[in-house]
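Asks: Before anything else, here's the structure in question.
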Amino acid sequence: QPIFRKDYRRPDYTIDRVDLRFELGEETTRVHATLTVRRLDGAPQAAPLVLDGENLRHVSVALGGRELSAGEYVVSPTSLTIPAPGAAFTLATVVEIRPQDNLELSGLYRSSGNFCTQCEAEGFRRITWFLDRPDVMARYSAVVEADKAKYPVLLANGNRVATGDLDGGRHFARWDDPFPKPSYLFALVAGDLRCFPGEFVTRSGRTVRLEIWVEPDNIDRCAHALRSLQASMRWDEDKFGREYDLDIYMIVAVNDFNLGAMENKGLNLFNAKYVLARPDTATDDDYDGIESVIAHEYFHNWTGNRVTCRDWFQLTLKEGLTVFRDRLFSADMGSPAVARIGDVLALRTNQFAEDSGPMAHPIRPESYIEMNNFYTTTVYEKGAEVIGMMRTLLGEAGFRRGMDLYFERHDGQAVTCDDFRAALADANGVDLEQFGRWYSQVGTPVVRARGEYDANTRSYTLTLEQAPPRGRTSAELLHIPVAVGLLGPGGPLPLKLSGETAAGADTRVLELRERSQSFRFEGVPAAPVASLLRGFSAPVELEVERSDADLARLMAADPDAFSRWDAGQELGRRVLLRLAADVEARRPLALDRAFVDACAKIVADPGLDGSLKALALTLPNERLLGQHQPVVAVDALHEAREFAVQALAAALREPLLAIYQSSAPQGPYRIERAEVDRRKLRNLALAYLVTLGEPELVALAVSQFHLADNMTDSEAALACLIDHGGPERDAALAEFHRRWHKDPLVLDKWFALQAASSHPDTLERVTALADHPDFNLLNPNRARSLVGVFGVRNQHQFHRKDGRGHALVADKVLAIDPHNSQLAARLVAAFNPWRRFDPTRQQSMRAQLERIAGQPGLSKAVREIVDRALAPA
Ligand code: ARG
Ligand code: ZN
């Protein structure tokens, strides 16, 4: 049943034109498709044409204008086969579908009364018979017909070339897309929507009309999305020389959406969460999320649409590259260090965990059963790291040369990751063969570092060694860029490798290609502290023997902001892991003095902005800590971290209170860098202070919750109160619900905050919330807010020893699976790390996995995940 990368074969036929007509209806929708088909050179003359289909009610098929009779073709539940249709012909099919019953949200479906589509990866086959694979690129036209009163707005890809009225109160619009595209980029929308318009003038002087389509009530929440789109369009011109190619670019916000957004040609469909923002409904992080997803989908127009993937194994070709591009953009728009820290934190928390569990796969997978299960953090985020390493090796200008050559060679084609790498290599005359192993290797490689100072020769020798990922015995040697710096007594040292004539910059990229390599730095006046893997130059686990004092020194003085934060995190991790060991041994707990001092220095450092301070003062989360234990000590980790947070709050009470009081908002909410920094630090201070439980400190959160004019401050205060518990929690939750229960995105926060809480009664509350009238299993955002947040982000409560957390999530997976298997498959992944826990918890998780696996009629999406989880390690 799995599909293997090695089995790729080009198709026998291709499709040059697709003319579609949709008769949208309340009961049935009819889809008429006329395909202009051509047999490819080299394909056997008698090759059958086999089109994909799923959940289609077949009505008719005509070949070259002649209706075929039953004996002339074969229909199965997943295919339409025409034996030996000829070398070039048209094929016209009619099918009926029922979008109103389509809860999978793949293909043509309804959301909040509107029609919309999601075709990636294999949703187009749920709309009509087709060669539903990305290496078949065709020109499309689409006529959309619907009731005019109910669906005044009719959209599809490309340019609107005709509109008009039809009988029976219906109307139509015809859209032509001049650019050939794979079927997964097709889109259609019909509904009662309002347009928030804008424009963009390209560098060659063309005016592009921009349209953001939302439900009427949301028209006052579109400005940030439009600004982000305009900034993205400018940025891609400036940084990559890429101009937009159609006269119109549309974005539609949809309430029921399985993922973040979709880059359909000229007609992006977005989860409403990544479009809608108003200061009182969206947080600073939401604003950032919108900016980056808008940019991501826009950048796909070149990296994804103009140049697409040959097959789905190549997904990282477009996703890794486009994530990398949207990260560069976000770094340019805001603070590069803050952006990098956020990305690495997410990578370590989510991707490293995936890499060490049953779903581990290379960024270019070798096989899959359900492609939708491979839209993973490995393909996306590790994929982006792999692109980033190539840019580090080639330099900014070299990377740009490679990108230019890639577009020049492959515009209009469906290509592979190897094609991309070849373009980068050829444009720079370098060899990226060894580097290519990053595409096929599974797991997180380990890099070990060891330094030795020789006072006689004033030299420092750094030895770097690569080792296979943990739990794996062998791995091919990778090409790993390791950015290093040396911190001397007086600060950063200019670096001079032996053999060089003069010292250069204070950061150096060392290329590790052997099992072990030594690098000798000369002219080093005293034993330095090495700052390794600056900017996280490679997605590896770094092992290096360093004293706490060395880490404290880097935490205070590393000129690389990322490494400064990273040193603090490593120090914090050591402190917390030691505390967890104390908890387990029932020793008295005391927070490390030196760590408290290091944190106090951060609080007082005038050179750090508020966002960086907040990041530096946030202790590693429990999931990250668990990754560094042989068996995750769920309860001890939780107790240790709670203790450390309170001890730190007590030690820093005065300076934190001073920060809180001196940084109150001046004037209304503004989404600008200095203000975001101010809010981040102030809300971090509040979070620490409230843990002390003193009535006057809790009162700060209560009053902030009531007075805030913006969601950032209101949500932050609510989160503190939820963790605090008591009557303040109940009052705030009731108030928040009263105010926002009609607003789905804000109500999602109400569920998510409760599911993420560290309060000991969280499991009971989540159980009750699952029966709340506002809870809705069928809406992916709502289901994720409660079940996803609880199962993935709340280690302590999900893994309660009584197993009730496990049972709750398994129940929801089973309830969702018959309707939306993609969503269920995402949620069931919460069980993937089951082997990392103690026997009791293992047993409990395993029992739930087995219960799910034994469910009759289980979807293939969920089955693939649970089978992998249960397979012998
Ligand atoms: N290509 C979309 C994105 O940018 C993801 C869509 C995936 N959808 C799915 N059902 N697998 O990132
Ligand atoms: Zn993408």
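All the letters of the sequence shown, read from the start, carry residue numbers 9 to 881 under the UniProt record's numbering.
Note that the Cβ used here is the ideal one computed from N, Cα and C, for glycine as well.
These numbers come from a predicted model, not from an experiment.
Identify the continuous beta strand (DSSP E) that holds W221 and give its terminal residues.
Replies: Its beta strand (DSSP E) spans residues 215–222.
Asks: Who pairs with V161 in a beta bridge, going by DSSP?
Replies: In the DSSP output, where bridge partners are listed per residue, V161 has G199.
Asks: Label G61 either buried or exposed according to how many other C-beta atoms from any shown protein chain fall within 10 Å of its C-beta, with 16 as the threshold for buried.
Replies: Classification for G61: buried.
Asks: Of the residues I135, S343, T324, which one's Cα is nearest the Cα of T86?
Replies: Ranking the options by Cα distance to T86, first place goes to I135.
Asks: Looking only at C-alpha atoms, which of A652, A538, A546, A564 sits nearest to E553?
Replies: Taking only the C-alpha atoms, the option nearest E553 is A538.
Asks: Which same chain residues end up closer than 7 angstroms to I349 when comparing Cβ atoms and leaving out the 5 residues on each side of it in sequence?
Replies: Excluding positions up to five away in sequence, the list reads F570, W573, L623.
Asks: Given 8 angstroms as the limit, tell me if A303 has its C-beta closer than that to any heavy atom belonging to ligand 1.
Replies: It does not: the Cβ of A303 is nowhere closer than 8 angstroms to a heavy atom of ligand 1.
Asks: Consider the C-beta atom of Q830 and the heavy atoms of ligand 1; say whether any pair is separated by less than 8 angstroms.
Replies: Answer for Q830: yes, Cβ within range of ligand 1.
Asks: Is the closest heavy atom of ligand 2 to the C-beta of V331 under 8 angstroms?
Replies: Yes - ligand 2 has a heavy atom lying nearer than 8 angstroms to the Cβ of V331.
Asks: Consider the C-beta atom of G199 and the heavy atoms of ligand 2; say whether any pair is separated by less than 8 angstroms.
Replies: G199: no, Cβ never under 8 angstroms from ligand 2.
Asks: On the premise that A693 lies in contact with I667, defined as a C-beta separation below 8 angstroms, what is that separation, rounded to the nearest angstrom?
Replies: With a Cβ gap of about 5 angstroms, I667 and A693 count as contacting.
Asks: Hey, A181 and L193: beta-carbon distance below 9 angstroms or not?
Replies: No. Outside cutoff.
Asks: I'd like to confirm the pairing. Which residues does DSSP put opposite D27 in its beta bridges?
Replies: Partner(s): T42, S149.
Asks: Give the list of continuous beta strand (DSSP E) stretches no shorter than 3 residues that lie fully inside the segment 539–593.
Replies: Counting only runs of 3 or more, we get 549–552.
Asks: Less than 8 angstroms between the CB atoms is what I'm expecting for D24 and L48, so what's the real figure, rounded?
Replies: The Cβ separation is near 11 angstroms, so there is no contact.
Asks: Tell me the residue span of the alpha helix (DSSP H) that contains N770.
Replies: Reading off the sequence, residue 770 comes out as Thr, not Asn. Looking at the DSSP string, the run of the alpha helix (DSSP H) that includes T770 is 770–777.
Asks: On the premise that D288 lies in contact with M719, defined as a C-beta separation below 8 angstroms, what is that separation, rounded to the nearest angstrom?
Replies: That belief holds up - the Cβ atoms of M719 and D288 are roughly 6 angstroms apart, short of 8 angstroms.
Asks: What do you get for E378, buried or exposed, if any count of 16 or more other CB atoms within 10 angstroms of its CB means buried?
Replies: By the neighbour-count rule (16 or more Cβ atoms within 10 Å), E378 is buried.
Asks: If you reduce the DSSP assignment to three classes, tell me which class E245 lands in.
Replies: Of the three classes helix, strand and coil, the one that applies to E245 here is helix, per DSSP.
Asks: Taking Cβ positions, are E484 and R445 nearer each other than 9 angstroms?
Replies: Going by C-beta atoms, E484 is nearer than 9 angstroms to R445.
Asks: Should C728 and A695 be called a contact, given that it needs their Cβ atoms to be closer than 9 angstroms?
Replies: Yes; because the gap between Cβ atoms is below 9 angstroms, this pair is in contact.
Asks: State the CB to CB distance for the pair T37 and D27, rounded to an integer number of angstroms; the pair is presumed to be in contact (CB under 8 angstroms).
Replies: About 17 angstroms; that fails the 8 angstroms criterion.
Asks: Here's the rule I'm using: 16 or more other beta-carbon atoms within 10 Å means buried, otherwise exposed. How should T509 be labelled?
Replies: Exposed, because fewer than 16 other Cβ atoms sit within 10 Å of the Cβ of T509.
Asks: Taking the alpha helix (DSSP H) that H814 falls in, what are its first and last residues?
Replies: Taken as a continuous stretch (DSSP letters only), the alpha helix (DSSP H) holding H814 covers 812–824.
Asks: Under the three-state reduction of DSSP, which class applies to K189: helix, strand or coil?
Replies: Three-state result, K189: strand.
Asks: When DSSP labels each residue in this structure, what does N226 get in the three-state scheme?
Replies: Helix at N226.
Asks: Using DSSP's beta-bridge definition, name the partner residues of G496.
Replies: In DSSP, G496 forms a bridge with G499.
Asks: Cβ of E327 versus every heavy atom of ligand 2: is any distance shorter than 8 angstroms?
Replies: Under cutoff, so the answer is yes.
Asks: If we ignore side chains and look at the alpha-carbon of each, how far apart do C607 and V455 end up?
Replies: Whole-angstrom Cα-Cα distance: 28 angstroms.
Asks: Using only the heavy atoms of ligand 2, determine whether one of them is closer than 8 angstroms to the beta carbon of E271.
Replies: Because some heavy atom of ligand 2 lies under 8 angstroms away, the Cβ of E271 counts as near it: yes.
Asks: Between the segment 416–427 and the segment 515–526, can you find at least three pairs of beta-carbon atoms closer than 8 angstroms?
Replies: Verdict: no, contact absent.
Asks: Could you work out which residue in P190, V222, A345 is closest to F544 when comparing CA atoms only?
Replies: Ranking P190, V222, A345 by Cα distance to F544 puts A345 first.
Asks: If you count every other CB in all the chains shown that lies within 10 Å of the CB of N802, and 16 or more means buried, which is it?
Replies: With 16 or more Cβ atoms within 10 Å of its Cβ, N802 is classed as buried.
Asks: Identify which residue in R521, P502, A546 has its Cα closest to the Cα of P536.
Replies: Looking at the Cα atoms, P502 is the closest of the given residues.
Asks: Distance check for D605 and P533, CA to CA, integer angstroms please.
Replies: Rounded to whole angstroms, P533 to D605 spans 28 angstroms at the Cα level.
Asks: Can you tell me whether S364 is buried or exposed? The criterion is at least 16 other CB atoms within 10 Å of its CB, across all chains shown.
Replies: The residue in question, S364, is buried, as its Cβ has 16 or more Cβ neighbours within 10 Å.
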